[in-house]
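For the sequence shown, my numbering assigns the number 2 to the initial residue and increments by one for each residue that follows.
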Amino acid sequence: MKLLLDTHTFLWFINDDKRLSLKAKELISKPNNIRYLSYASIWEIAIKSSLGRIEIPIDFEKFIEEQLKINNILIFPFSISHLAKVKELPFIHKDPFDRIIISQSIIENVSILGIDSVFDKYGITRIW
2 MKLLLDTHTF
12 LWFINDDKRL
22 SLKAKELISK
32 PNNIRYLSYA
42 SIWEIAIKSS
52 LGRIEIPIDF
62 EKFIEEQLKI
72 NNILIFPFSI
82 SHLAKVKELP
92 FIHKDPFDRI
102 IISQSIIENV
112 SILGIDSVFD
122 KYGITRIW
């Protein structure tokens, strides 16, 4: 199964946070599943880190690269078609990072692993 991790899902998984659902943890841990993290999430983490909302223990770039490698998570780049889809999305959810992730899910037909139930209003498959 292909899984696009939402930003919180990624952060909660790497920090073994109890807010991560048991189902999400099991799916991420299952070796046959393909795990993706959007550049949008990395961008969001960088901004939150620069604002002091997230503590990154080491150099940001090194931290992200290590976590992706350790957890066997692939980068999910966004394309012009993903960004064009953002333009078409109704403004149910205004978070720009989530809107890119939603558009990636729609265009690439990938399930989002995330807690935010607002994603469901876009007709995507969200697992939590």
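From the three backbone atoms N, C-alpha and C, an ideal C-beta is built for every residue, glycine too. Every value quoted in this text rests on a predicted model; they were computed, and no experiment measured them.
Across which residues does DSSP place L28 in a beta bridge pair? Per DSSP, none; premise fails for L28.
Which runs of the beta strand (DSSP E), 3 residues or longer, sit entirely within the region 27–76? 35–39
Is there contact between the region 80–96 and the region 15–35, where contact requires at least three CB pairs shorter than 8 Å? no
Could you spell out where the beta strand (DSSP E) holding E104 opens and where it closes? The sequence as given places Ser at residue 104; Glu does not occur at that position. Careful: S104 lies outside any beta strand (DSSP E), inside the alpha helix (DSSP H) at 97–109.
Would you mind working out which of I103, I108, G124 sits nearest L6, comparing C-alpha positions? I103
Option nearest T132 by Cα separation, candidates I48, I35, Y123: The first residue shown for the chain is 2 and the last is 129, placing residue 132 beyond what the model contains.
Distance between beta carbons of I128 and K19, contact taken as under 8 Å: About 18 Å separates the two Cβ atoms, so there is no contact after all.
DSSP beta-bridge partners for S80? Partner(s): none; S80 has no beta bridge.
Burial state of L21 (16 or more Cβ within 10 Å): buried
Using 8 Å for Cβ pairs, my map puts Y37 next to L4. What's the rounded Cβ distance? 7 Å
Same chain, Cβ closer than 8 Å to I1, five either side skipped, listed in chain order: Residue numbering for the chain in the displayed model covers 2 to 129; residue 1 lies beyond these limits and cannot be assessed.
Going by the beta-carbon positions, is the gap between S82 and I108 smaller than 7 Å? yes
S106, buried or exposed, once every other Cβ within 10 Å from all chains shown has been counted against 16: buried
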